[in-house]
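Residue numbers (our numbering), protein chains in the order written: chain D, 1 to 238; chain S, 1001 to 1238.
For each residue, glycine too, the CB sits at the ideal point set by N, CA and C.
Just below is one structure, and these are the notes that go with it.
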């Protein structure tokens, strides 16, 4: 059994892909909505296309082309851009609003809730996500995620991977950056957290983009821990 | 049985006095610390004196005499001011820091946890307190308060009763002010919330200042609901 590592004073979790299955949740929500409207399409491709619009939309805010926009608003802009090409151009306002709320009701990975329940007994657990505060709160309620508190990039007016998010999370929790560990499926997020002084745990999510999707590359030793589930994370933090 | 009222989309709770017993908690913490140091004093009077410094300290920040200061910092400033007159002048740094953390470990009122557990099944429940974010998070963990999220005045850079706090809480939760209800023991807090467009529920806490303490005055009809516990609040919201 691998050695355990010192317990951080707090754990901050990336959410989309790390804690919840956005691909499966969005795909299922689109398929259900489409069935009710008699529409056909490739909802796995639709989910990945929707997600692919996310980083470029945040970059438009970062460059000042858009004012600060909660992720709910960015998701809706992207949906309106891609709807036509996925056969959803005929959806009315109410149907689009409902589909957009799929991001509030994403399912946790099977290990998420048992892992978080154990980790919550060990230390303080929070979100640190680009999802807006109300989205993260609704998601936690729906999925039974037992966070001690909700921290969103919205609180800092900066999206990850801007350093303000990692430092701001430590400041709100009244811990030093080195007493906070980011848990994330995405190496880019972890690298930015490490540059801001945080500890890092990489959780591998091979199904993030659906069956057969690619896993992001990283170097051996880049992160303090590499685990395959939040239950394994609880085992490894002593 | 009184009629039930429409359920708000979210309930925001004042914390000190409304949800937790600051008087009993601080008195007990001071008494325990004093016993270990062989000191004697009137710890009920000490608790009330400490609390009495709170509003004037926030006013100093509001007037710009002090920079923005988390409540942990204000509590400590007040403690250092009143320690001598309560026979605690000899406490060293470690003992003062420990006593200051009494505000993180305040006990809930007997109806608090069962009331919040029921209300959480009915709607979204959050703190809306001048306590800093890390204090409220630690308190929830210690006392088992099942918040959906933690909202602190710290997130807005304004203390209650500034309107920015009430409006900011509604904005973070993505609800209209009229869809949010403040639950508080203090009429001044409720009046400011009402002026900002929120719904209001007054919970009476006759023991807030200890046995024999005064209850704040208010007019009949000032608030939408007046209850004696959070369990009664759950009964009254349909």
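Residues near residue i in its chain [Cβ-Cβ closer than 6 angstroms; skip 5 each side]
i: residue 108 (chain D); result: 20, 143
i: residue 1017 (chain S); result: 1185, 1205, 1208
i: residue 192 (chain D); result: 161
i: residue 75 (chain D); result: 100, 103
i: residue 120 (chain D); result: 146
i: residue 1140 (chain S); result: 1147
i: residue 1178 (chain S); result: 1197
As assigned by DSSP and simplified to three states, the class of residue i
i: residue 125 (chain D); result: strand
i: residue 1185 (chain S); result: coil
i: residue 13 (chain D); result: strand
i: residue 1200 (chain S); result: strand
i: residue 66 (chain D); result: coil
i: residue 1049 (chain S); result: helix
i: residue 1158 (chain S); result: coil
i: residue 1114 (chain S); result: helix
i: residue 1205 (chain S); result: coil
i: residue 1034 (chain S); result: helix
i: residue 1039 (chain S); result: coil
i: residue 1212 (chain S); result: coil
i: residue 1219 (chain S); result: coil
i: residue 25 (chain D); result: helix
i: residue 88 (chain D); result: coil
In DSSP terms, what residue i is bridged to
i: residue 1108 (chain S); result: S:1020
i: residue 1149 (chain S); result: S:1126
i: residue 1237 (chain S); result: S:1005
i: residue 1180 (chain S); result: S:1010
Continuous alpha helix (DSSP H) stretch holding residue i: start and end
i: residue 61 (chain D); result: 54-62
i: residue 1081 (chain S); result: 1071-1082
i: residue 142 (chain D); result: 133-143
i: residue 96 (chain D); result: 93-100
i: residue 168 (chain D); result: 163-173
Residue i to residue j span [Cα, whole Å]
i: residue 50 (chain D); j: residue 206 (chain D); result: 19 angstroms
i: residue 1221 (chain S); j: residue 1092 (chain S); result: 49 angstroms
i: residue 1189 (chain S); j: residue 1063 (chain S); result: 19 angstroms
i: residue 37 (chain D); j: residue 47 (chain D); result: 18 angstroms
i: residue 117 (chain D); j: residue 1138 (chain S); result: 16 angstroms
i: residue 44 (chain D); j: residue 1165 (chain S); result: 42 angstroms
i: residue 201 (chain D); j: residue 124 (chain D); result: 15 angstroms
i: residue 106 (chain D); j: residue 112 (chain D); result: 12 angstroms
i: residue 1030 (chain S); j: residue 65 (chain D); result: 55 angstroms
i: residue 1145 (chain S); j: residue 1086 (chain S); result: 32 angstroms
i: residue 214 (chain D); j: residue 67 (chain D); result: 33 angstroms
i: residue 1089 (chain S); j: residue 1033 (chain S); result: 13 angstroms
i: residue 1052 (chain S); j: residue 1159 (chain S); result: 16 angstroms
i: residue 39 (chain D); j: residue 54 (chain D); result: 25 angstroms
i: residue 1083 (chain S); j: residue 1041 (chain S); result: 11 angstroms
i: residue 1059 (chain S); j: residue 23 (chain D); result: 49 angstroms
i: residue 1238 (chain S); j: residue 1122 (chain S); result: 9 angstroms
i: residue 110 (chain D); j: residue 25 (chain D); result: 13 angstroms
i: residue 1156 (chain S); j: residue 1171 (chain S); result: 11 angstroms
i: residue 1154 (chain S); j: residue 1163 (chain S); result: 13 angstroms
i: residue 1182 (chain S); j: residue 133 (chain D); result: 19 angstroms
i: residue 1180 (chain S); j: residue 98 (chain D); result: 22 angstroms
Contacting residues, own chain, Cβ-Cβ under 7 angstroms from residue i (five flanking each side not counted)
i: residue 236 (chain D); result: 2, 4, 5, 225, 227
i: residue 135 (chain D); result: 71, 72, 103, 104
i: residue 1077 (chain S); result: 1057
i: residue 223 (chain D); result: 190, 200, 201, 202
i: residue 15 (chain D); result: 127, 129, 131, 136
i: residue 1069 (chain S); result: 1061
i: residue 1218 (chain S); result: 1187, 1202
i: residue 1194 (chain S); result: 1200
Where the beta strand (DSSP E) containing residue i begins and where it ends
i: residue 1225 (chain S); result: 1225-1227
beta-carbon residue i near the ligand HEM non-hydrogen atom, thresh 6 angstroms
i: residue 1104 (chain S); result: Of the ligands one can find in the structure shown there are none, so the ligand HEM has no counterpart to examine.
Same chain, Cβ closer than 8 angstroms to residue i, five either side skipped, listed in chain order
i: residue 1126 (chain S); result: 1010, 1011, 1012, 1013, 1147, 1148, 1149, 1150, 1151, 1169, 1173
i: residue 27 (chain D); result: 43, 44, 46, 47, 210
i: residue 1035 (chain S); result: none
i: residue 114 (chain D); result: 230, 231
i: residue 80 (chain D); result: 96
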